[in-house]
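Protein chains: 2
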Amino acid sequence: MKSLLIKSLLPLLLLSKASCAADSLPSWNDTASKKAIVTFVEKVTKEGSPDFVPVAERIATFDNDGCLWSEQPMYFQAFFIFDRIKQLAPQHPGWKDKEPFASVLKGDIKSALAGGEHALIEMGMATHAGTTTEEFEKIVTDWITTAKHPKTGRLFTEMVFQPMIEVLSYLRANGFKTFIVSGGGIEFMRPWVERVYGIPPEQIIGSSIKTKFEMRDGQPVLVRLPEINFVDDKAGKPVGIQMHIGRRPIAAFGNSDGDLQMLQWTAASKGARFCLYVHHTDAKREFAYDRKSSIGRLDKGLDEAQAKGWTVVDMKNDWKIIYPFEKW
Amino acid sequence: MKSLLIKSLLPLLLLSKASCAADSLPSWNDTASKKAIVTFVEKVTKEGSPDFVPVAERIATFDNDGCLWSEQPMYFQAFFIFDRIKQLAPQHPGWKDKEPFASVLKGDIKSALAGGEHALIEMGMATHAGTTTEEFEKIVTDWITTAKHPKTGRLFTEMVFQPMIEVLSYLRANGFKTFIVSGGGIEFMRPWVERVYGIPPEQIIGSSIKTKFEMRDGQPVLVRLPEINFVDDKAGKPVGIQMHIGRRPIAAFGNSDGDLQMLQWTAASKGARFCLYVHHTDAKREFAYDRKSSIGRLDKGLDEAQAKGWTVVDMKNDWKIIYPFEKW
Chain A
1 MKSLLIKSLL PLLLLSKASC AADSLPSWND TASKKAIVTF VEKVTKEGSP
51 DFVPVAERIA TFDNDGCLWS EQPMYFQAFF IFDRIKQLAP QHPGWKDKEP
101 FASVLKGDIK SALAGGEHAL IEMGMATHAG TTTEEFEKIV TDWITTAKHP
151 KTGRLFTEMV FQPMIEVLSY LRANGFKTFI VSGGGIEFMR PWVERVYGIP
201 PEQIIGSSIK TKFEMRDGQP VLVRLPEINF VDDKAGKPVG IQMHIGRRPI
251 AAFGNSDGDL QMLQWTAASK GARFCLYVHH TDAKREFAYD RKSSIGRLDK
301 GLDEAQAKGW TVVDMKNDWK IIYPFEKW
Chain B
329 MKSLLIKSLL PLLLLSKASC AADSLPSWND TASKKAIVTF VEKVTKEGSP
379 DFVPVAERIA TFDNDGCLWS EQPMYFQAFF IFDRIKQLAP QHPGWKDKEP
429 FASVLKGDIK SALAGGEHAL IEMGMATHAG TTTEEFEKIV TDWITTAKHP
479 KTGRLFTEMV FQPMIEVLSY LRANGFKTFI VSGGGIEFMR PWVERVYGIP
529 PEQIIGSSIK TKFEMRDGQP VLVRLPEINF VDDKAGKPVG IQMHIGRRPI
579 AAFGNSDGDL QMLQWTAASK GARFCLYVHH TDAKREFAYD RKSSIGRLDK
629 GLDEAQAKGW TVVDMKNDWK IIYPFEKW
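Those sequence lines, one after another, are chains A and B.
Note that the first sequence covers residues 1 to 328 in my numbering.
Note that the second sequence covers residues 329 to 656 in my numbering.
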């Protein structure tokens, strides 16, 4: 009786296990990319397998802009910077005659960005410093829950990639700890990333300005200073990973040349390793760009991915949907 | 029958629950300190209680030197520095005529330290930089598994505080995430802290030097540079906490004035909060020092703890044993 019961249940159990794995990535087409992800996860989690990795070492790192959410026509944090300049303008009457602020206030983003990195840093400092950490958290929270993307009219947090959110969940269900390693501002991400990606603040690595501990009316505060602390991009990404995590990821996900060193750092250690580039190939549902884009350029990285056999996601063909709202 | 069974088991179940809580801290005497810890943990973990804190926000931070292990007659990392100077001396023939290195090589630690902080930083740079992160990890691992304390003849990792290790485990068993926030070197701690305290590398915050990503023979490495990146002490501790964790602890444990700002930062936020100072009062079993010690001075902190009603552990009276080896 007992063995009969087991025999009759066995196919169901097996089916349930298989369909469970398949259902973890429902927004992915059954192409090579999905297979590569599942194959990797299954081999590093199979006890006794030569590729087995203990839970504590299952570290996976994800870029944010262009990897977990869109980044066109410009990084979403840049929209925050411009909105914040407009908001702060009454307190800075000089801005209306001073570039790049004057152009922003006139709505001429192209001219505002003409000053390149220097102008962007100047605007970043002016808009990200001068508050306490708690005040800044509130400013970001207010913005992210109301500001909308100029093309889609959606909240920026709606423009996250459903297939990547499934990868995050799938990895966590398999004992991975998921981290964000982004060139974006660490405190720009923390207020909303946990709700949107399920990644807690202590697993977010990003660029930062310096802060200073102070007593104000007997209450301790951390004041945000207009001084760069760390740039978490390109060669900075492995540095940020070592600083915050202290061990190498076994899987890394990016979409641009800014992620190349993170992927190299991940790929170079011993054992089964997984590197993936999201390639923006879908002009209709999202944006199509790579080697010549000023935002999220993927050029050297694409060559290296091909040479090293890393997984390159073709968004157009690999993803059934891009954004969560397409499900509804 | 069923209700009889429940009735007869009920006292056993209750006893088991109570003794379970009590057994979590077996090396603590039943004094006010132990009661304060247990009371705090019980109220923040009790669902429906006004003091309830969700698991994700149960962050506890611990200083290391003097809080989780001893720090006399000098910080244990200083022994590492001196051993490493002796080890590296053949590659630096000039050291035998150059202070503070010359004094170290002659075994005259007092003179070596006469140069104060400047001398210590110079020695720290000379002994902590110039390797890759992987090489440094191996150097620390080799040292920590062999080097012995001059007074006790024990491995340094044996000189950890058994009662504090019990607090770490007790908090984790209650859904807390435990972090180290130490003035010591982050990469000096990471190679052994997980094994000794059960705290993974990504939950360690410490002082650091800068690192640089480089390709060497086609392999990526992180090279340790002789340049200070961050000093995780005093007002630096809340800064380090915000940088790495991104939210405030609800419990903080320290032993010196170097931890005061961390405790202030923890105490100042809303809700039930817990701050504890380990007071070194046991000259016989460990070391006795506080307001006038050059290592681990506890002066302002002791005043503030008394004024604010923080828990102050009297090692002599609160702890049944100090070190784990006393159990055997």
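From the three backbone atoms N, C-alpha and C, an ideal C-beta is built for every residue, glycine too.
These figures come from a predicted structure and were not determined experimentally.
State the Cα-Cα distance for the pair residue i and residue j, rounded to the nearest angstrom.
i        : j        : result
B:Trp593 : B:Arg576 : 7 angstroms
B:Ile409 : B:Ala454 : 9 angstroms
A:Arg216 : A:Met189 : 26 angstroms
B:His326 : B:Phe581 : Any question about residue 326 of chain B goes unanswered here, given that chain B covers just 329 to 656.
B:Asp642 : A:Val167 : 50 angstroms
B:Gly629 : B:Ala611 : 20 angstroms
A:Thr131 : A:Arg224 : 6 angstroms
A:Lys151 : A:Gln87  : 22 angstroms
A:Leu120 : A:Ile109 : 11 angstroms
A:Lys212 : A:Ser27  : 44 angstroms
A:Ala307 : A:Met262 : 16 angstroms
B:Gly660 : B:Glu614 : Outside the displayed span of chain B (329 to 656) sits residue 660 of chain B, for which this structure offers no information.
B:Glu399 : B:Ile508 : 15 angstroms
A:Asp290 : B:Trp638 : 57 angstroms
B:Ala384 : B:Gly503 : 8 angstroms
B:Gly444 : B:Ser622 : 11 angstroms
A:Ser49  : A:Thr39  : 13 angstroms
B:Asp393 : B:Pro418 : 31 angstroms
A:Gln162 : A:Gly296 : 19 angstroms
A:Ile241 : B:Thr609 : 40 angstroms
B:Pro421 : B:Met451 : 15 angstroms
B:Glu515 : B:Phe464 : 8 angstroms
Verify the CB distance criterion: does residue i have a CB-CB separation below 9 angstroms to chain B?
i        : result
A:Gly116 : no
A:Thr211 : yes
A:Gly236 : yes
A:Arg273 : no
A:Leu10  : At A:Leu10, the pLDDT of 46 sits below 50, so the modelled position is not reliable and the matter cannot be decided from this model.
A:Ile186 : yes
Please tell me whether residue i has its Cβ less than 9 angstroms away from any Cβ of chain A.
i        : result
B:Asn557 : yes
B:Pro548 : yes
B:Met402 : no
B:Ser535 : no
B:Met543 : yes
B:Met518 : Per the sequence shown, the amino acid found at residue 518 of chain B is Arg instead of Met. Chain A, which has a Cβ nearer than 9 angstroms to the Cβ of B:Arg518, makes this yes.
Take residue i and list the residues in its own chain whose beta-carbon comes closer than 8 angstroms to its own, dropping the five residues that flank it on each side.
i        : result
A:Thr141 : Pro191, Trp192
B:Leu499 : Val369, Arg386, Ala388, Thr506, Ala579
A:Asp333 : There is simply no residue 333 of chain A to check, as chain A begins at 1 and stops at 328 in what is shown.
B:Ala563 : Gln589
A:Ile139 : Arg84, Thr131
B:Arg482 : Lys476, Tyr651, Phe653
Ignore the nearest five residues each way along the sequence and tell me which others in residue i's own chain have a CB closer than 6 angstroms to its CB.
i        : result
A:Asp318 : Asn29, Thr31, Ser33
B:Asp587 : Asp391
B:Phe404 : Phe484
Any heavy atom of the ligand ATP within a distance shorter than 8 angstroms of the CB on residue i?
i       : result
A:Gly66 : Among the ligands in the structure shown, none appear at all, so the ligand ATP cannot be discussed.
Spatial neighbours of residue i within its chain, please: CB distance less than 7 angstroms, with the 5 preceding and 5 following residues excluded, ordered by chain position.
i        : result
A:Glu227 : Ile209, Lys210
B:Ala364 : Thr639
A:Val196 : Thr157, Val160
Kindly confirm or deny that the stretch 269–280 of chain A and the stretch 555–571 of chain B touch, where touching means at least three C-beta pairs closer than 8 angstroms.
-> Short answer: they don't touch.
Near-chain A residues of the stretch 620–634 of chain B - C-beta to any C-beta below 8 angstroms | none
Looking at chain A, which residues of the stretch 566–595 of chain B have a Cβ within less than 8 angstroms of any of its Cβ atoms?
-> Answer set for the stretch 566–595 of chain B: Pro566, Val567, Gln570, Met571, His572, Ile573, Gly574, Arg575, Gln589, Gln592, Trp593.
Interface positions of the stretch 520–532 of chain B facing chain A (Cβ-Cβ less than 9 angstroms), listed along the chain = Glu522, Pro528, Pro529, Glu530, Gln531, Ile532
Do three or more CB pairs link the stretch 100–107 of chain A to the stretch 293–313 of chain A at distances below 8 angstroms?
-> no
Chain-ordered residues of the stretch 157–181 of chain A with a beta carbon less than 9 angstroms from chain B | Lys177, Phe179
Within the chosen definition, does the stretch 194–208 of chain A reach the stretch 563–577 of chain B through at least 3 CB pairs nearer than 8 angstroms?
-> yes
Within 8 angstroms of chain B by C-beta, residues of the stretch 109–137 of chain A in sequence order = Thr133
For the stretch 383–403 of chain B, which residues have a CB atom closer than 7 angstroms to at least one CB atom of chain A, in sequence order?
-> Flagged, chain order: Ala384.
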